[in-house]
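Engineer: Same order as they appear, the protein sequences are chains A and B.
Numbering-wise (the numbering used here), the first sequence opens with residue -6 and increments by one.
Numbering-wise (the numbering used here), the second sequence opens with residue 23 and increments by one.
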Amino acid sequence: MSDIRAQIEAAIVDAIKGEAALAEVATVEASVRDCLFSGDKLTAGFRPEELPAIAISAQLKPCRKSPFSCSATQWEIPVTAIVVTRAAKGSVAMARAAEIQAAVDELIDSWRRSGNALGTNALVMGEASSSANTIDEKPISFGISTTEFTVLKVIER
Amino acid sequence: MSLKSIAGAWRALSTCKQADIATAVAVDTEVPLFGDFIEPEPNELYENTDEVGSMAPTAHRLLTMKIAAKHTSKAFPHLVGLLCSQAMGGATAAQLAQTTVYTHKLVCDKTVIELPYRTLVEYDGDAQKKYAGIAVSGFTIKGKRGGFVELEADLIGRGTEAADATAKPSRSEESYLTYADCGYNVGGAFAADAVTGATDTKARLQEFELTFKNNAKGEYPMGDSSMGYGRIQRGEKWEVGLKVKLEIDARTERTALLAGTDGVFQIPLVGGLAADPNHYKVDVVLPKAFYRSVKKSKGDGVLVVDAEMRGEDDGTNGPLLIYVTNLHATSYLAAAA
């Protein structure tokens, strides 16, 4: 199970790194740092030069597996994309996070079409939902925006 | 007694057509298997209920067999080429210059009376059988927002089966087509295999369903002891229909219905890159179609219209053309070598 999730994460990371609109993103990684889970300060989790960052994870929620056809299995893999930005003011950090998130949303929409960068019969299906907030760690503010979507992957047995 | 699992079942077709209904050819492409399995069934099973004097039949005889089945699947260009070419009767392949990409033009060919046949092999999880002489009497291509594009083909077959031990062939690498690949263009002109000047209407399209029927039927020739069809031929008429559900805009569909106007309808399904810059594609074109009904209804608080169109023969192109673009190098109706 983890192989397919890791494959999806790697494909998404590669696609984001290749996207011209996201060229300014300093870090794109297939892992979610501890500081985004725990109460640890983001200043401890991210060095300034590592931001803005996008973290991708297909491991945060359970995935569903069901028969697709007599010889194929369908995986529904929830994916989370977290954008982290940093600025002196919260409003600036939030605006920057929203800008990056919009570019990620464009990519997600493109993955609804067949033959996309995620691989054969790997498609974004259903809703993609987003949320955003700021975290104040004076004198710095961080913008965090999260997008959740589901990748449907059909595997032939 | 042990239960027989269907897990691992598969179905495969020959990409080449058979020379005749009875002579099987090698299957070389696996196709996704959804829906029911194929099995020959009696076409004519005689019971002597017409004989006077007995309260129940006293004798019976199996006279003829047939196959009547469906192949239902999420659609991708290779599958559309395989099945729709059989129903329509005509297919040519042309390589795009300087590329490994081919465009297959599927046309309704009135000169093809006896339909082309493919060989089908199916493993149901327990036993593997070969069915020679499979033709297609019609198909439906449909799609709706948020889902896959689906293809359903009506299979009509000779009615014979044989044991088979062919290894499962490989499957096409093409991705299933989805709603995100769909376009819908109305109007304009169609010439030289291209639609120009049409109005892009896909933003209003909620769902579509294209149907094609050739009204095929099988014949049991005199002197043929096989009990299966000796020939499957198309009917007298083709039927080409297109149903769409659209969000109402300027009521153009109703205007066209009342005015009796006809026009070009196109549903391009553009998938991922086959070989840059060419995409995998299924392009459905009705060169001349008219509205048969346009009915207003509601859905999710907005006005929608259910429109039904019928394809006409424009005298040059026939009522329906389907262009399939992929990496398959030979015509979908090429004979086996």
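No residue lacks a Cβ here, since even glycine has one placed at the ideal position from N, Cα and C.
Remember, it's a predicted structure, so these values are computed and weren't measured experimentally.
Does DSSP put A:MET(-6) in a helix, in a strand, or in coil?
Structural biologist: With a pLDDT of only 48 at A:MET(-6), under the threshold of 50, the placement of this residue in the model should not be trusted; the figure read from the coordinates follows. Coil at A:MET(-6), not helix or strand.
Engineer: On the CB-based measure, 16 or more other CB atoms within 10 Å of its CB, does B:ASP176 come out buried or exposed?
Structural biologist: Buried.
Engineer: In the DSSP assignment, what residue or residues form a beta bridge with B:SER319?
Structural biologist: According to DSSP, which records beta bridges pairwise, B:SER319 is partnered with B:VAL326.
Engineer: Would you be able to state if there are at least three C-beta pairs under 8 Å between the region 175 to 192 of chain B and the region 248 to 261 of chain B?
Structural biologist: Contact between the region 248 to 261 of chain B and the region 175 to 192 of chain B is present, because at least three Cβ pairs lie under 8 Å.
Engineer: What's the gap between the Cα of A:VAL76 and the Cα of B:PHE161?
Structural biologist: Going by the C-alpha atoms only, they are around 46 Å apart.
Engineer: Does A:ALA65 come within less than 9 Å of chain B when only Cβ atoms are used?
Structural biologist: For A:ALA65, the answer is yes, since a Cβ of chain B falls inside 9 Å of its Cβ.
Engineer: A:LEU116 versus chain B: which residues are under 9 Å apart at the beta carbon?
Structural biologist: Simply PHE170, SER197, TYR198, THR200 and ALA202.
Engineer: Over the uninterrupted beta strand (DSSP E) stretch that includes A:SER103, give me the two end residues.
Structural biologist: Per DSSP, A:SER103 belongs to no beta strand (DSSP E); it is in the alpha helix (DSSP H), 83 to 103.
Engineer: What are the boundary residues of the alpha helix (DSSP H) that A:GLY38 is part of?
Structural biologist: First-last of the alpha helix (DSSP H) with A:GLY38: 35 to 38.
Engineer: My guess is that A:LEU116 and B:THR200 are in contact by the Cβ rule of under 8 Å, so how many angstroms apart are they, rounded?
Structural biologist: Confirmed, Cβ separation roughly 6 Å.
Engineer: What is the rounded straight-line gap between the Cα of A:MET(-6) and the Cα of B:GLU334?
Structural biologist: Legend: pLDDT at A:MET(-6) = 48, less than 50; position of this residue unreliable, no value from coordinates given.
Engineer: For the beta strand (DSSP E) containing B:SER107, list its first residue and its last residue.
Structural biologist: Premise fails: B:SER107 lies in the alpha helix (DSSP H), 99 to 110, not in any beta strand (DSSP E).
Engineer: When DSSP builds the beta bridges, which residues end up paired with B:SER95?
Structural biologist: Answer by DSSP bridge pairing, in chain order: B:LEU173.
Engineer: Mind the definition here: the region 258 to 270 of chain B touches the region 326 to 340 of chain B only if three or more C-beta pairs lie below 8 Å; say whether that holds.
Structural biologist: Because the criterion of three Cβ pairs below 8 Å is met, the region 258 to 270 of chain B and the region 326 to 340 of chain B touch.
Engineer: DSSP beta-bridge partners for A:THR73?
Structural biologist: Bridge partners of A:THR73: A:SER50 and A:GLU141.
Engineer: Give the single residue among B:GLU136, B:SER95, B:SER197 and B:CYS106 whose Cα lies nearest to the Cα of B:TYR345.
Structural biologist: Among B:GLU136, B:SER95, B:SER197 and B:CYS106, the Cα nearest to that of B:TYR345 belongs to B:CYS106.
Engineer: Within 9 Å (strictly less), CB to CB, does B:PRO299 reach chain A?
Structural biologist: So no, B:PRO299 is outside the interface.
Engineer: Output the residue ranges of the beta strand (DSSP E) runs that lie fully inside the region 148 to 235 of chain B and measure 3 residues or longer, sorted by chain position.
Structural biologist: As far as the region 148 to 235 of chain B is concerned, its whole beta strand (DSSP E) runs of at least 3 residues are 150 to 166, 172 to 179, 211 to 213, 216 to 218 and 227 to 235.
Engineer: How about B:PHE98 and B:TYR206: are their beta carbons less than 9 Å apart?
Structural biologist: No, Cβ-Cβ distance for B:PHE98 and B:TYR206 is not below 9 Å.
Engineer: Could you please give the first and the last residue of the uninterrupted beta strand (DSSP E) stretch that includes B:ALA59?
Structural biologist: In the sequence as displayed, the identity of residue 59 of chain B is Phe instead of Ala. Premise fails: B:PHE59 is in no beta strand (DSSP E) and is neither H nor E.
Engineer: Could you give the residue range of the beta strand (DSSP E) that holds B:LEU279?
Structural biologist: It is not in any beta strand (DSSP E) - B:LEU279 instead sits in the alpha helix (DSSP H) that spans 274 to 281.
Engineer: In or out: B:LEU342 buried (at least 16 other Cβ within 10 Å) or exposed?
Structural biologist: B:LEU342 should be labelled buried.
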